[in-house]
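Asker: Chains as they are written, first to last, in the UniProt record's numbering: chain A, 1 to 400; chain B, 1 to 400; chain C, 1 to 400; chain D, 1 to 400. Ideal Cβ placement from N, Cα and C applies to all residues, glycine included. As the structure is a computational prediction, the values presented were derived from the model and not from experiment. First, the structure itself, so that you have it in front of you.
There are 4 protein chains.
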Amino acid sequence: MTLSERFRQTRALSLALADPLSDADATIQSMPDASPAKWHLAHTTWFFETFLLRDRKQGYALFNEDFPFLFNSYYEAEGARHARPERGMLSRPSLDELRAYRLHVDEAMEPLLDRPDVSGLIELGISHEQQHQELLLTDLKHALSRNPLGPAYSAYRNGIESAGAVANARWREHPGGIVRIGHEGEGFAFDNEGPSHRALVEPFALANRLVSNREWDEFVADGGYRTASLWLSDGWAWVNDEDRRGPLYWREGEEFTLSGWRERDADAPVTHISYYEADAFATWAGYRLPTECEWETMAQDEDAASGNQLDEAGAVHPEGSAGLFGDCWQWTRSGYLPYPRFQPADGAIGEYNGKFMSGQFVLKGASCATPRGHSRSSYRNFFYPHQRWQFTGLRLAKDI
Amino acid sequence: MTLSERFRQTRALSLALADPLSDADATIQSMPDASPAKWHLAHTTWFFETFLLRDRKQGYALFNEDFPFLFNSYYEAEGARHARPERGMLSRPSLDELRAYRLHVDEAMEPLLDRPDVSGLIELGISHEQQHQELLLTDLKHALSRNPLGPAYSAYRNGIESAGAVANARWREHPGGIVRIGHEGEGFAFDNEGPSHRALVEPFALANRLVSNREWDEFVADGGYRTASLWLSDGWAWVNDEDRRGPLYWREGEEFTLSGWRERDADAPVTHISYYEADAFATWAGYRLPTECEWETMAQDEDAASGNQLDEAGAVHPEGSAGLFGDCWQWTRSGYLPYPRFQPADGAIGEYNGKFMSGQFVLKGASCATPRGHSRSSYRNFFYPHQRWQFTGLRLAKDI
Amino acid sequence: MTLSERFRQTRALSLALADPLSDADATIQSMPDASPAKWHLAHTTWFFETFLLRDRKQGYALFNEDFPFLFNSYYEAEGARHARPERGMLSRPSLDELRAYRLHVDEAMEPLLDRPDVSGLIELGISHEQQHQELLLTDLKHALSRNPLGPAYSAYRNGIESAGAVANARWREHPGGIVRIGHEGEGFAFDNEGPSHRALVEPFALANRLVSNREWDEFVADGGYRTASLWLSDGWAWVNDEDRRGPLYWREGEEFTLSGWRERDADAPVTHISYYEADAFATWAGYRLPTECEWETMAQDEDAASGNQLDEAGAVHPEGSAGLFGDCWQWTRSGYLPYPRFQPADGAIGEYNGKFMSGQFVLKGASCATPRGHSRSSYRNFFYPHQRWQFTGLRLAKDI
Amino acid sequence: MTLSERFRQTRALSLALADPLSDADATIQSMPDASPAKWHLAHTTWFFETFLLRDRKQGYALFNEDFPFLFNSYYEAEGARHARPERGMLSRPSLDELRAYRLHVDEAMEPLLDRPDVSGLIELGISHEQQHQELLLTDLKHALSRNPLGPAYSAYRNGIESAGAVANARWREHPGGIVRIGHEGEGFAFDNEGPSHRALVEPFALANRLVSNREWDEFVADGGYRTASLWLSDGWAWVNDEDRRGPLYWREGEEFTLSGWRERDADAPVTHISYYEADAFATWAGYRLPTECEWETMAQDEDAASGNQLDEAGAVHPEGSAGLFGDCWQWTRSGYLPYPRFQPADGAIGEYNGKFMSGQFVLKGASCATPRGHSRSSYRNFFYPHQRWQFTGLRLAKDI
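See the structure below:
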């Protein structure tokens, strides 16, 4: 697909994701970490308007002078902005006004789509919007989950039925040695994926599938959430702060999904777990989490566009994938820290990734809510260890 | 007007108040003290459905089994309910669904409107809904004020232009003696307005009008918000906690109104002030706040339906009224405490007023957002001393 | 006793109260509401140093230039001061240094003790120090209660053994009418006790004794802390915030006292209860709390220096008193608000009482920790409805 | 020195550190992160009593049955314990009682000091106590800093005068390659220092000295604390949360030290900086923080007992050291995470280090408060990125 085709397809997918939403659905914000769907639609548009139209297109006039204040996310270099926890106060502009904003920017973008001097920025804008498509779904899931009516975003997609009985996990081994990780070569990548560099790994093995709901039920039944010795110190405090006893969105045999409350599929991958939970489970199971380097090394030969990923708007859910990608982002035990000789880009764009390099852990792979084609083996997703409203899961590792 | 006419009129006014709102406008909640407009529409309907239809009408089936959980406000006797700070998460049911709920209940109510055995409860339900009409407007004002775009609820009403130059305040005197306060006689009143009882008042005077924005500007200019000796101890802490420097909704020469940001009218009554501010102003001015008994005694001969009160849906605002009623609720220095021999009603209805009798102050009068006909001289409105999102104002008093 | 004798006696009692304390005991602060014993010793001394020696004695030099900053409590007119929640950080000055401070000020005070022009201020200083003697004991009790070792302040006083079997409470009746309350005549009183004024009371009765631990146990056993309908709304929130199930310092059949953990005396008055608890108990019992006016009217003929009050340093505790005074301060249902025509004194001293007139309730009587001679029928003690670390108790009232 | 000599010397140093303290000084706790001096004295003693005397010495009776509850720090396997933020409530036991506890345990330990089967545990106990000696000093410094009197712990040590004019920093280079890090060989090390393993490093250079106060002043003067682009996102939030404008303990040209407020020595190493500050400074200077691996590789040939470290009780302070050790712990950009094939020890002792491996950064070296002989090149100190009450500093690194 050409760049312009991909631009149009990405822009269209965002609109399609918002299709089942009322103005009110698209307005509410359920926690400071999450943003309203309207905000995602507008912010991704602001990104193109700011870094492409305003900066690179002569004579472009802003669609609305107030929007940069409302829809800048965290770019300090772009000036003051609306406080993040206040995003849910924006009943206006309406969803329809923001659709008009999108249309306006899309049309203004057309002449730029073939200009080689801005193709890198457009690539960045597309990848940026893809990230927000995933966030739109996970933020919306969180918001809907807070409604006692348990409303569905959309009907369950055909074809995401249970993966059926899951065989015992097998181990995929790697002999260790000096490997090369980080992005290199052609094709888009975020700045934080480079520079490509050598690293040393000791022999290890990864499980050939993610930990399942059945296995997690065993962990719970075995007192996993009540056994201090399994947990990191911060994790144990987190468990007890709110008396947590299972993954986010679980209640008895059910879980909240984008199609409302449903019976849990025992064979599907467990999801919505924090780093603390993933680590405690691995300890309980007698294994450990993979490092980023191990995971990436193993994944370099796989098709990053395989597995259960997002192809179209709908109620996505983990179901079980054959390879390393898809279903859930996978916690690693690697801190999200700069690679050797990493340098953030200049200007506002340089704030994209680098400034978040403290206190977070790397997740690898791709989830059922990741637009297919977005991820790579070198992709570095990152969240704080207590966060779990993303489609997060767990693949076990061990030393050999 | 007959009871059934008043029922229909009140029910219609609530719908009219919501007319200018989008589903999103009616969904958001800007603080735990405030509720979404949709919630007010539904809760007032739940009140009739519960205490009239469910309890007093044979064979009535609930419109929706989930609604009692969602729309009970604080009646412990009615069982578990949705947490108050979570009301803004209800993007569903939609505004249209709640309009259907209202229609359903209104139709079911028709046969009851002439039944004498339930007329007292219907009166209560009407008064209850009138209170929520005022809250709908003030809660909405608060929510819109949080939007950096400063959106208007509706255009400025014709005829609420400035009251023009305000003459110096004059004093209305009362010689004191044994008076009788509290509700008595026919006509509806809340339980907390009684029993009627004797009280002693010393000679006093009340100002013939509310304190104006111009006077408040003088207070500010004189360092009112920076002079500890003017303030109650809790008030001084409140001022400094958030570096408060003026009434809610003020910025420079403007104020936020239900028609958006507007230049302040110097002659209009100041509004959106806390008890702490009212008390500090009175101290600064060399006067004091009235007691509830003084205010009520003076008001007993006035028409409680006079002055600037709510007649129809629109962007109401204080403008200056000739009598004791209208424009703003007026802080008194009287704690909201039980009258001698007060007994709350039996059952859930008994939770209406009595259980709030600690920590709050009484306000008297009626505001521009109070449905005309709702208030009485014996009416006891009450809020905590720091609260100011209602149309609260100040009438000075002195000993003579 | 002459004024100078009372001055010396009061100053000596404070030192005696601190006698059983180590420097560390006297340093710690267990909550922002409470102050360290050292701080009480120093603050009462600062009061004399500031308002008598500095202001009224030619040539007096401050003992230590830093002390006014450290030991001013809340007098805004006296300038900046150490933050209240930080008082527990003052390991220095040591207890011995503060004893030296007291000695220095006491000696400097001697020539003033007979000067008629300052006798009013000295009276105020004595009453002020008496209030802090009570606070020293209750603050210390709170601090010691936080130590898992449950240490004793001192051995149980001889003679404070159980009052023995308590007869059923009897009612003392009053016919109502126009009464006169508030302080008048000679003798010291705080500004908030006046002006003396007329008031109307309806016929009422007060119980002849305080509610006992046995009665409180019945309330608990009857589900008092789990029955929403008994509680004020704020009180019910307070109960559930920390899952409260009994008075402060209770655990099973024991209570924490100034002599450590002891078995509860079923016949002794219940103490360390909040207003919320007192009100809920009265509702459960079918009665109500007295008003301030009722209590004071009934008490005007009693000896305010009778009952179980503080005569000397020791581990005081409620035991059961025959009259209205002693054992526990008694919650009234009256807000702590200004009497008609109340005016605070000029200057810093004017901050003593008036600025606290919002959000609190009046307590009447005197407790086992109140220095005998300190209280009066017109005395207005005041605390917030959730506070209960003072020796607070409950006397029932009813309409007749 | 033999093990028994080192045991006795370590135990004696703790007592000497507490020598200048009053009971009150040793009791107070200024924040949950810090503990009272008394608690450190007791907790280190509890460690020997629990893991040596109770577990390994037949017939040993606890000194006091309550002490395990009071003085266990965070060992879940050792059962319930006193809440950390409550440690400052322990005015009792007194400092003298805890000295008696130490004496009792020391005497009981004597027969064990030569038993080979427990020498590893004794080594651990000594190292544990050395860590608490450093914490005792830094916690105490924090507590004293909260006292407006700015009291000194002790007089300034002779010989810690300024290091004099500091030459420009020079770079010490390393060619990179495969290195070996982590503890190996004989001698004590904590479990988290191993296993020894290979790692790859690219060519780099480290500054030959720490960043100085003079350089930090330039950073401040250049708007370092007001320039968002220099900071990590979490760091920028931290700066603005409390409007931070310099290292902890700075005010104008002074800094708070263990000898009270003193003029800052421009040539001394800057200290009491958070990770966020260290990272922002390095970005401003055009360099970066070292990785743990780089630092350790460079330090392996140095004498870890060199530089300004703790030899005896006194008011220590950074002054400038010639090598990599001493003065300040140095922030690295490496997360505190497990080494390949790391396994925590079995039992309660296994909680010592491993459970803290999330959210923290590694610091290398040793500070002026680290008992000489305690540190190693493989030593892994760790704190959260916002913490700075330790003697933390910064050594710049760069790629070559």
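When we look at the beta-carbon of residue 198 of chain C and count the other beta-carbons within 10 Å, is it buried (16 or more) or exposed?
Answerer: Exposed, by the Cβ-count rule.
Asker: Can you find the residues in the same chain that come closer than 6 Å, C-beta to C-beta, to residue 266 of chain A, ignoring five residues on each side of it along the sequence?
Answerer: If we look at residue 266 of chain A and ignore the five residues flanking it on each side, its Cβ neighbours are 213, 214.
Asker: Which first and last residues belong to the beta strand (DSSP E) in which residue 355 of chain C is found?
Answerer: From DSSP, residue 355 of chain C is part of no beta strand (DSSP E); its letter is neither H nor E.
Asker: Quick one: residues in its chain with C-beta nearer than 7 Å to the C-beta of residue 350 of chain A, no 5 flanking neighbours on either side, listed in chain order?
Answerer: Excluding sequence neighbours, residue 350 of chain A sits near 344.
Asker: Could you work out which residue in A/298, A/217, A/346, A/263 is closest to residue 285 of chain A when comparing CA atoms only?
Answerer: Residue 285 of chain A has its Cα closest to that of A/217, out of A/298, A/217, A/346, A/263.
Asker: Just to confirm the assignment: which complete beta strand (DSSP E) runs, minimum length 3, are found wholly within the UniProt domain "Sulfatase-modifying factor enzyme-like" (175-311) of chain C?
Answerer: You should have 177-181, 197-201, 204-207, 254-257, 260-263.
Asker: Anything in the UniProt domain "DinB-like" (7-133) of chain C with a Cβ closer than 7 Å to a Cβ of chain D? List those residues in chain order, please.
Answerer: So the close ones are 22, 23, 24, 25, 27, 28, 30, 66, 69, 70, 82, 86, 88, 89, 90, 91, 92, 94.
Asker: Going by C-alpha distance, which of B/38, B/76, B/37, B/105 is nearest residue 8 of chain B?
Answerer: Ranking B/38, B/76, B/37, B/105 by Cα distance to residue 8 of chain B puts B/105 first.
Asker: Is it true that the stretch 329-339 of chain C meets the stretch 218-228 of chain C, where meeting means three or more beta-carbon pairs spaced less than 8 Å apart?
Answerer: With the cut-off at 8 Å, the stretch 329-339 of chain C and the stretch 218-228 of chain C do not touch.
Asker: Rounded to the nearest angstrom, what separates residue 41 of chain D and residue 73 of chain D at their Cα positions?
Answerer: Approximately 12 Å between the Cα atoms of the pair.
Asker: Give me the Cα-Cα distance between residue 381 of chain C and residue 388 of chain C, rounded to the nearest whole angstrom.
Answerer: The alpha-carbon atoms of residue 381 of chain C and residue 388 of chain C are separated by roughly 13 Å.
Asker: Output, in chain order, the set of chain C residues within a Cβ distance shorter than 7 Å of residue 146 of chain D.
Answerer: By Cβ distance, chain C contributes 86, 89.
Asker: Could you say which of D/260, D/6, D/400 lies nearest to residue 204 of chain D if we only look at CA atoms?
Answerer: Answer by Cα proximity: D/400.
Asker: What do you reckon, are the CB atoms on residue 132 of chain D and residue 272 of chain D nearer than 8 Å?
Answerer: No; because the gap between Cβ atoms is not below 8 Å, this pair is not in contact.
Asker: Any idea if residue 314 of chain C is buried or exposed, counting beta-carbon neighbours within 10 angstroms, 16 or more meaning buried?
Answerer: With 16 or more other Cβ atoms within 10 Å, it is buried.
Asker: Using 8 Å as the limit for Cβ to Cβ distance, is residue 380 of chain B near chain C?
Answerer: So no, residue 380 of chain B is outside the interface.
Asker: For the stretch 205-236 of chain D, which residues have a CB atom closer than 8 Å to at least one CB atom of chain A, in sequence order?
Answerer: For the stretch 205-236 of chain D, which is checked against every Cβ of chain A, the residues closer than 8 Å are 228, 229, 231, 232, 233, 234, 235, 236.
Asker: For residue 137 of chain B and residue 177 of chain B, what's the separation of their Cα atoms in angstroms?
Answerer: Looking at the two C-alpha atoms, the distance is approximately 39 Å.
Asker: Considering only their Cβ atoms, is the gap separating residue 332 of chain C from residue 362 of chain C smaller than 8 Å?
Answerer: Yes, these two residues count as a Cβ contact at 8 Å.
Asker: In its own chain, which residues sit with a C-beta less than 6 Å from the C-beta of residue 187 of chain A, not counting the 5 before and 5 after it?
Answerer: Correct list: empty, nothing qualifies.
Asker: Beta carbons nearer than 8 Å to chain A: which residues of the stretch 322-348 of chain D have them?
Answerer: Under the 8 Å Cβ criterion, the stretch 322-348 of chain D contributes 333, 334, 335, 337, 338, 340, 341.
Asker: In angstroms, rounded to a whole number, what distance separates the CA positions of residue 93 of chain B and residue 66 of chain B?
Answerer: Rounded to whole angstroms, residue 93 of chain B to residue 66 of chain B spans 11 Å at the Cα level.
Asker: Apart from the five residues on each side of it in sequence, which residues of its chain come closer than 8 Å, Cβ to Cβ, to residue 304 of chain B?
Answerer: 325, 366, 375, 376, 377, 379.
Asker: Would you call the stretch 241-255 of chain B and the stretch 83-102 of chain C in contact, with 3 or more CB pairs under 8 Å?
Answerer: Because the criterion of three Cβ pairs below 8 Å is not met, the stretch 241-255 of chain B and the stretch 83-102 of chain C do not touch.
Asker: With a 10 Å radius around its C-beta and 16 neighbouring C-beta atoms as the bar for buried, classify residue 291 of chain D as buried or exposed.
Answerer: Classification for residue 291 of chain D: buried.
Asker: Just verifying my parser: in three-state terms, what is the DSSP assignment at residue 342 of chain D?
Answerer: Coil at residue 342 of chain D, not helix or strand.
Asker: In the DSSP assignment, find the unbroken alpha helix (DSSP H) run with residue 10 of chain C in it and report its ends.
Answerer: Its alpha helix (DSSP H) spans residues 3-18.
Asker: Only counting the same chain, and skipping five residues up and downstream in sequence, which positions put a Cβ closer than 6 Å to that of residue 354 of chain A?
Answerer: The answer, listed in chain order, is 344.
Asker: Starting from the Cα of residue 51 of chain C, find the closest Cα among C/125, C/368, C/279, C/63 and give me that residue.
Answerer: Residue C/125 is the option with its Cα nearest to residue 51 of chain C.
Asker: Let's test the definition: count the other Cβ atoms within 10 Å of the Cβ of residue 2 of chain C and tell me whether it reaches 16, buried, or not, exposed.
Answerer: Residue 2 of chain C comes out exposed.
Asker: With a threshold of 8 Å between beta carbons, is residue 315 of chain A in contact with chain B?
Answerer: No, residue 315 of chain A lies away from the interface with chain B (no Cβ there is under 8 Å from its Cβ).
Asker: With DSSP as the reference, label residue 33 of chain D as helix, strand or coil.
Answerer: Here residue 33 of chain D sits in coil by DSSP.
Asker: Just mark residue 234 of chain A as buried or exposed, buried being the case when its beta carbon has 16 or more other beta carbons within 10 Å.
Answerer: Buried: at least 16 other Cβ atoms inside 10 Å.
Asker: Residue 357 of chain B touches chain C at which residues, Cβ-Cβ below 7 Å?
Answerer: Going along chain C in sequence order, the residues near residue 357 of chain B (Cβ under 7 Å) are 232.
Asker: Looking only at its own chain, which residues have a Cβ that is under 6 Å from the Cβ of residue 11 of chain C, when we skip the five neighbours before and after it?
Answerer: 106.
Asker: Tell me where the alpha helix (DSSP H) around residue 402 of chain D begins and ends.
Answerer: The structure shown does not extend to residue 402 of chain D, since chain D is modelled only from 1 to 400, so the question has no answer here.
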